[in-house]
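**Student:** Let me give you the structure first, and then I'll get to my questions.
Residue numbers (the working numbering): 1 to 443.
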């Protein structure tokens with residue numbers, strides 16, 4: 001016998017069940033209409049690892065590399081800057097950075113359609129990399145966004161205010177990094193009226209932009225108090241060597257991960273990245289050995305970074321022979337920039353950011369047009385060397401002008417408002433105590 005309540009509610013329950021069934025059918029139909037997911041587990045797994053590797057480059061890699069090069073009274077300030085930029089720039093990336101870089105907008109920069117990841121779900125993919133979730137693309141590119149300002153802090157180490165560094169990094173990233181990233185990567189090389197600009201992982205977007213900003217900043221902030229009369233020696237070279245080693249490992253995710261897939265192209269990129277670093281390390285070591293009679297640990301570590309920076313834009317187009325050539329050329333030219341150019345013009349690029357990253361990125365951006373062409377042994381790019389060289393040169397020029405002018409204007413505004421530099425007393429005391437109230441080493 002049917003319960004009276006069920007009798008009275010039977011028709012209502014039937015209607016409710018019908019509605020639920022209709023909704024379920026509609027949802028199923030919608031999924032069927034959208035087709036099967038294109039997300040590939042292998043590509044996704046590789047990009048998850050690559051994202052972690054690039055973060056590993058910033059903290060602890062770059063942090064330790066720079067920390068060992070400054071004096072003991074400033075080591076915590078460098079570690080703090082790297083750690084703070086990791087956190088702050090990640091939040092900026094969420095708020096608007098990703099949207100400005102990777103959503104459709106105007107001719108020079110994206111819009112705000114993906115601010116705060118609006119419209120992005122775990123199942124969303126981008127048309128240019130449909131085998132990974134867009135959330136992972138967001139996370140991977142976020143690591144590039146945060147490490148780029150991390151590079152230029154080495155140029156004005158030991159003398160710039162912490163709050164000025166944060167403001168400069170945020171403003172610069174939105175004004176300089178975002179349009180470069182938008183044109184080179186989101187628009188696939190449609191950069192400032194150019195087409196077909198080649199930059200796999202950031203010779204233009206990361207290294208030239210940061211290198212030029214570093215040069216402008218170190219000049220505007222001014223040299224350290226005792227530069228160049230006193231020898232401002234690194235306080236802990238083992239830290240620097242460990243940091244350089246971590247950067248080398250992390251660079252595999254930086255370059256090979258930029259294919260956004262686990263495939264043969266990523267494998268070739270990993271190989272040429274390693275070979276370029278090896279070639280640059282050996283050439284830098286030989287230069288010092290010949291000139292000074294002894295090879296130095298700092299020299300070979302610096303050489304490896306130069307080779308890594310130079311191969312970054314070219315890694316998707318060159319073969320092993322091209323990687324050896326680019327690594328060797330980068331070591332020679334970066335050494336000249338660090339040892340000769342800086343001395344000639346007297347600027348205090350404390351940790352040689354312009355000499356290594358700026359020059360290395362520029363060398364690789366140009367040489368991909370030569371060694372990346374199928375006209376050269378192992379080259380993978382089907383393009384004319386002369387035409388591509390012109391494209392790469394103009395892209396580098398526009399990047400230099402944009403980063404140089406924007407950096408000057410931003411720093412000038414900061415200097416007129418909050419000031420760029422700590423006082424002489426604070427510089428003498430060291431930024432660890434003056435800016436953060438801590439000491440790295442206590443008796």
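Cβ coordinates follow ideal geometry from the N, Cα and C atoms, glycine included.
Please name the residue in 438, 254, 126, 215 whose C-alpha comes closest to that of residue 46.
**Tutor:** Residue 254 is the option with its Cα nearest to residue 46.
**Student:** If we ignore side chains and look at the alpha-carbon of each, how far apart do residue 494 and residue 346 end up?
**Tutor:** The structure shown does not extend to residue 494, since the chain spans only 1 to 443, so no value can be given for it.
**Student:** Taking only the alpha-carbon atoms, compute the straight-line gap between residue 375 and residue 383 and give it to the nearest angstrom.
**Tutor:** C-alpha separation (whole angstroms): 9 Å.
**Student:** If you scan the region 139-224 from start to end, which runs of the alpha helix (DSSP H) of 4 or more residues do you find wholly inside it?
**Tutor:** Here the runs fully enclosed are 162-172, 178-181, 209-221.
**Student:** Under 9 Å, do residue 131 and residue 260 count as touching if we go by C-beta distance?
**Tutor:** Cβ distance < 9 Å, so residue 131 and residue 260 count as in contact.
**Student:** Counting only the same chain and skipping the five closest in sequence on each side, list residues whose C-beta sits under 6 Å from that of residue 308.
**Tutor:** Cβ within range, chain order: 251, 277.
**Student:** Can you name the start and end residues of the alpha helix (DSSP H) that residue 408 belongs to?
**Tutor:** 385-417 is the extent of the alpha helix (DSSP H) around residue 408.
**Student:** In or out: residue 185 buried (at least 16 other Cβ within 10 Å) or exposed?
**Tutor:** With 16 or more other Cβ atoms within 10 Å, it is buried.
**Student:** For residue 105, write down the residues that DSSP places opposite it in a beta bridge.
**Tutor:** Residue 105 pairs with 110.
**Student:** Report all residues from its chain with a CB closer than 8 Å to the CB of residue 174; omit the five preceding and five following residues, and keep chain order.
**Tutor:** Excluding sequence neighbours, residue 174 sits near 92, 96, 97, 100.
**Student:** Less than 7 Å between C-beta atoms, sequence neighbours within five positions excluded: which residues of the same chain meet that for residue 194?
**Tutor:** Excluding positions up to five away in sequence, the list reads 391, 394, 395.
**Student:** For residue 159 and residue 422, which I take to be in contact (beta-carbon distance under 8 Å), what is that distance rounded to the nearest angstrom?
**Tutor:** About 6 Å separates the two Cβ atoms, so the contact holds.
**Student:** Straight-line CA distance for residue 279 to residue 204?
**Tutor:** Near 22 Å, if we compare the C-alpha coordinates of residue 204 and residue 279.
**Student:** Evaluate residue 401 with the Cβ neighbour count: other Cβ atoms within 10 Å of its Cβ, from every protein chain shown; 16 or more gives buried, anything less gives exposed.
**Tutor:** The residue in question, residue 401, is exposed, as its Cβ has fewer than 16 Cβ neighbours within 10 Å.
**Student:** Is the separation between the beta-carbon of residue 287 and that of residue 335 shorter than 9 Å?
**Tutor:** Against a cut-off of 9 Å, the Cβ pair of residue 335 and residue 287 comes out as a contact.
**Student:** Let me know the secondary structure DSSP gives residue 24 once reduced to three states.
**Tutor:** Confidence at residue 24 is low in this model, with a pLDDT of 37, below 50, so its placement is unreliable and the value that follows should be read with caution. Helix at residue 24.
**Student:** Answer yes if the region 305-325 comes into contact with the region 356-367, meaning at least three C-beta pairs across the two stretches below 8 Å, and no otherwise.
**Tutor:** Result yes; three or more Cβ-Cβ pairs closer than 8 Å.
**Student:** What's the C-alpha gap between residue 234 and residue 156?
**Tutor:** So the two alpha carbons sit approximately 15 Å from each other.
**Student:** Going by other Cβ atoms of all chains shown within 10 Å of its Cβ, with 16 needed for buried, is residue 145 buried or exposed?
**Tutor:** By the neighbour-count rule (16 or more Cβ atoms within 10 Å), residue 145 is buried.
**Student:** Which partner residues of residue 421 appear in the DSSP bridge assignment?
**Tutor:** 160.
**Student:** Between 166, 168, 192, which lies nearest to residue 106 when the distance is taken from Cα to Cα?
**Tutor:** Answer by Cα proximity: 192.
**Student:** Based on Cα-Cα distance, which residue from 56, 38, 37, 71 lies nearest to residue 431?
**Tutor:** Selected option, being the one with the closest Cα: 71.
**Student:** By the three-class DSSP mapping on this structure, what secondary structure does residue 42 have?
**Tutor:** Helix, per DSSP.
**Student:** To the nearest angstrom, how far is the alpha carbon of residue 428 from that of residue 416?
**Tutor:** C-alpha separation (whole angstroms): 23 Å.
**Student:** Applying the criterion that 16 or more other CB atoms from any shown protein chain within 10 Å of the CB defines a buried residue, is residue 74 buried or exposed?
**Tutor:** Classification for residue 74: buried.
**Student:** If distances are taken between C-alpha atoms only, which option among 60, 62, 176, 135 comes closest to residue 108?
**Tutor:** Checking every option, the nearest Cα to that of residue 108 belongs to 176.
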